[in-house]
Amino acid sequence: MAETPSTTGYDYDLIVVGGGSGGLALSKQAAKLGKRVCVLDFVKPSPQGSTWGLGGTCVNVGCIPKKLMHQACLLGEAIEDAEKFGWEVEKANIKHDWSKLVMGVSDHIGGLNFAYRVSLRENNVTYLNAYGVFKDAHTIECTDKKRKVTTLTAEHFVLAVGGRPKYPDIPGARELGITSDDMFSLPYAPGKTLVVGASYVALECAGFLTGLGYDTTVMARSIFLRGFDQQCAEQIAAYMSEHGTKFLRRCVPLSLERIEPEADSATGRHRIRVTWEDGLANEPGSDVFDTVLFAIGREAVTSTIGLEALGLKANASGKVDAPLEQTSVPNVFAIGDVINGRPELTPVAIQAGRLLAKRLYGGATTQMDYANIPTTVFTPLEYGCIGMAEEDAIALYKEENIEVFHQYFQPLEWTVAHRPASTCYCKLICNKLDNMRVIGLHILGPNAGEITQGYGVAFRLGATKDDFDMTVGIHPTCSENFTTLDITRASGLDPGAKGC
Ligand code: FAD
Ligand code: NDP
1225 MAETPSTTGY DYDLIVVGGG SGGLALSKQA AKLGKRVCVL DFVKPSPQGS
1275 TWGLGGTCVN VGCIPKKLMH QACLLGEAIE DAEKFGWEVE KANIKHDWSK
1325 LVMGVSDHIG GLNFAYRVSL RENNVTYLNA YGVFKDAHTI ECTDKKRKVT
1375 TLTAEHFVLA VGGRPKYPDI PGARELGITS DDMFSLPYAP GKTLVVGASY
1425 VALECAGFLT GLGYDTTVMA RSIFLRGFDQ QCAEQIAAYM SEHGTKFLRR
1475 CVPLSLERIE PEADSATGRH RIRVTWEDGL ANEPGSDVFD TVLFAIGREA
1525 VTSTIGLEAL GLKANASGKV DAPLEQTSVP NVFAIGDVIN GRPELTPVAI
1575 QAGRLLAKRL YGGATTQMDY ANIPTTVFTP LEYGCIGMAE EDAIALYKEE
1625 NIEVFHQYFQ PLEWTVAHRP ASTCYCKLIC NKLDNMRVIG LHILGPNAGE
1675 ITQGYGVAFR LGATKDDFDM TVGIHPTCSE NFTTLDITRA SGLDPGAKGC
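Residue numbers (my numbering): 1225 to 1724.
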């Protein structure tokens, strides 16, 4: 509880419900602007019992552990390359230790959890490890781990409750399956793994699991990476397939069944029989796996936070409408994954949170700009993009009004390593009706995230194809390919990789 009431007569000026990416950024910004702020953060265990500390999805069960495991996968690939660069590598002795990876990742996350607590304290933000349930628009009931209940009031509330993974409604899913909430702290090596889903989480996890040497199958019910450029999505899947990931397409799981009693499970994991409907075959498919990972999307956790006391309604995925981060209740706001129709990305939640705090308490008027947000899928062949997918640009502007420039390329690092020449790829989609403004940028290749981030600024400035052409490249890099693109899709010329 705050030591002295805020000037508004409430316990706090602001209570933020959820201490994840958005909630932490917003609460610190509001406190810097002189407000009395409290953050509630509480993690309900996953069906498998996984739980974690302060910081939300990104730091505990999302971006951070995912990127570290991706790095573990890239290092495995680098060992192969190293030999070609003259390192003497004893292949027979190369093995990967899952527990060691999990320990390293957990240690790093533990440090971050601690640093977040310290930084809240330093910014005079009160942190309560308690679950918040609204009683009315100015009152919230907070229940801590020991079931101690405290009632707090505030002038403003911000919903920053994020989301949790969905489970399919099929027998055995919750008992035997895991999700990304469990993946990164799994106490045993995953073994033969089925990943259900075909978007960011599914492909990223399948990518690093394959890279670490696990027999991995992706079960996709329809397309890969819905919403992304489908040429690039298919190229990612093709690369993963060439590197050992198996794909079951047009399939959905029907049931999971344990085929080994728990007590017999020497490895700590169970053998699970999965049966699925196969849209390309006449009869159901079936196989046995050690781990089944559901990555079928997420739902915002709003069903248990007393939305009805606020008169707010969530959609089927638990999300609330909050245009300009304002819900229909005047003193209740929302940021991050809980908002309907916004990208579920950490920097989006952070930026929206900081800007909202500045508008509420700093006299600012700047709104969050959700357009042209750069993003990267950290599959073994990384994919970075900004703006429109080619098919979306065609649908919006008509084929004759867009020009697509594209090129395969071979990163210099891949030459001596004898990696394939025409795997990495970049393309710019330009609007002929608007001075050849670049409306889509896509790159498949190493460090795609680092490359794409920089071009995000160019997008904000409204760069045209001429701006890209006039930009002097940095040689030898992958990124420089964007400055020399001259083959259009319409020309039909071969965009295969060229030499230096
Ligand atoms: P969260 O970070 O989810 O935080 C919400 C917090 O509120 C949680 O701690 C929750 O326990 C708590 N809470 C919920 N209800 C209550 C309540 N009633 N009382 C108290 N506390 C409550 N994004 C990227 O930009 N890059 C990536 O590489 C990336 N990788 C990802 C990988 C995976 C596997 C996943 C699952 C997500 C990834 N994301 C990534 C998405 C990113 O993690 C989210 O967009 C981001 O964390 C959303 O932030 P948030 O503040 O909205 O919510
Ligand atoms: P998404 O909502 O993006 O994708 C869900 C996937 O699961 C789709 O392939 C969907 O198929 C499939 N699916 C849905 N329901 C079922 C079902 N019942 N049975 C089988 N398949 C099903 O979810 P993700 O969990 O991958 O990612 C959530 C969000 O987290 C992303 O939108 C992203 O913003 C964020 N994230 C960001 C990352 C990054 O920045 N690198 C990494 C990971 C996550 P269909 O297309 O047929 O609907």
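The beta carbon of each residue, even a glycine, is placed where N, CA and C say it ideally should be.
Q: Would you check if the distance between the CB atom of K1290 and the CB atom of F1602 is smaller than 8 Å?
A: yes
Q: Run the CB neighbour count on A1339, radius 10 Å, all protein chains shown included, and call it buried at 16 or more, exposed below.
A: exposed
Q) Which residues does DSSP pair with Q1631 in a beta bridge? A) C1650
Q: List the residues that DSSP assigns as beta-bridge partners of L1264.
A: Answer is V1241 and L1352.
Q. By how many angstroms is the C-alpha of H1320 removed from the C-alpha of K1416?
A. 15 Å
Q: Measure from the alpha carbon of R1493 to the alpha carbon of each residue in V1267, T1374, C1609 and I1402, then state which is nearest.
A: I1402
Q: Work out the CA separation of L1668 and S1646 for me, nearest whole Å.
A: 11 Å
Q) Tell me which same chain residues have a C-beta within less than 7 Å of the C-beta of F1432, skipping the five on either side of it? A) M1293, H1294, A1296 and C1297
Q: Would you check if there are 3 or more beta carbon pairs closer than 8 Å linking the segment 1248-1267 to the segment 1563-1582?
A: The answer is yes - the segment 1563-1582 touches the segment 1248-1267, with three or more Cβ pairs under 8 Å.
Q. What number of angstroms, rounded off, separates the C-alpha of M1612 from the C-alpha of G1664?
A. 5 Å
(Q) Quick check: what's the CA-CA separation for V1572 versus I1610? (A) 14 Å
Q: Look up D1511 in the DSSP assignment and give the residues it is bridged to.
A: In the DSSP output, where bridge partners are listed per residue, D1511 has V1498.
Q.
By the three-class DSSP mapping on this structure, what secondary structure does D1439 have?
A. coil
(Q) Let me check you understand the geometry: is the CB of G1421 closer than 7 Å to at least one non-hydrogen atom of ligand 1? (A) no
Q: Would you decide whether F1309 is buried or exposed? Buried here means 16 or more other CB atoms lie within 10 Å of its CB.
A: exposed
Q) How close, in whole Å, do the beta carbons of V1498 and L1418 come, if the pair is a contact with beta carbons under 8 Å? A) 6 Å
(Q) Looking at ligand 2, does it come within less than 7 Å of E1523, judged from the CB to the closest heavy atom? (A) no
Q: Work out the CA separation of D1439 and S1465 for me, nearest whole Å.
A: 12 Å
Q) How about W1276 and V1263: are their beta carbons less than 8 Å apart? A) no
**Q.** Chain-order list of residues whose beta-carbon lies under 6 Å from that of I1698 (same chain, five-residue window excluded)
**A.** E1704
Q: Mind reading off the beta-carbon distance from E1568 to G1387? Whole number of angstroms is fine, and I expect it under 8 Å.
A: 7 Å
Q | Nearest residue (CA-CA) to G1313, options K1324, E1301, S1323 and W1322 | A | Note that residue 1313 is Val in the sequence shown here, rather than Gly. That would be E1301, whose Cα lies nearest to the Cα of V1313.
Q. Whose C-beta lies closer than 7 Å to the C-beta of N1347 among residues of the same chain, with five residues either side of it excluded?
A. Closer than 7 Å at the Cβ level, and outside the excluded window around N1347, lie K1252, A1255 and K1256.
Q) Are there three or more Cβ pairs, one per stretch, closer than 8 Å when the segment 1712-1722 is compared with the segment 1618-1636? A) yes
**Q.** Span of the beta strand (DSSP E), counted from its first residue to its last, around V1382
**A.** V1373 to L1383
(Q) Using the three-state DSSP reduction, which class does K1308 fall into: helix, strand or coil? (A) helix
Q. How long is the line joining the alpha carbons of E1614 and W1500, rounded to whole angstroms?
A. 33 Å
Q: Could you give the DSSP three-state label for D1424: helix, strand or coil?
A: The sequence as given places Tyr at residue 1424; Asp does not occur at that position. Correct three-state label for Y1424: helix.
Q) If you drop the 5 nearest sequence neighbours on each side, which residues of the same chain put their C-beta closer than 7 Å to that of R1341? A) L1278 and Y1351
Q. Between the segment 1369-1376 and the segment 1541-1550, are three or more C-beta pairs nearer than 8 Å?
A. Look at the beta carbons and you see the segment 1369-1376 not touching the segment 1541-1550: under three pairs across the two are nearer than 8 Å.
Q: Tell me whether L1292 sits in a helix, a strand or coil according to DSSP, three-state version.
A: helix
Q. Based on Cα-Cα distance, which residue from G1451, R1522, R1445 and G1437 lies nearest to L1504?
A. R1445
Q: Express the C-alpha separation of Y1412 and A1354 in angstroms, rounding to a whole number.
A: Taking the Cα positions, A1354 is about 30 Å away from Y1412.
Q | Neighbour-count burial assignment, V1593, 16 or more Cβ in a 10 Å radius | A | Correcting the residue type first, residue 1593 is Asp in the shown sequence and not Val. Looking at its Cβ environment, which holds fewer than 16 other Cβ atoms inside 10 Å, D1593 is exposed.
Q) Hey, G1244 and C1282 are a contact pair by Cβ (cut 8 Å); roughly how many whole angstroms apart? A) 7 Å
Q. Shortest alpha-carbon distance to L1536 belongs to which of R1522, R1482 and A1558?
A. Sorting R1522, R1482 and A1558 by C-alpha distance to the C-alpha of L1536 places A1558 at the top.
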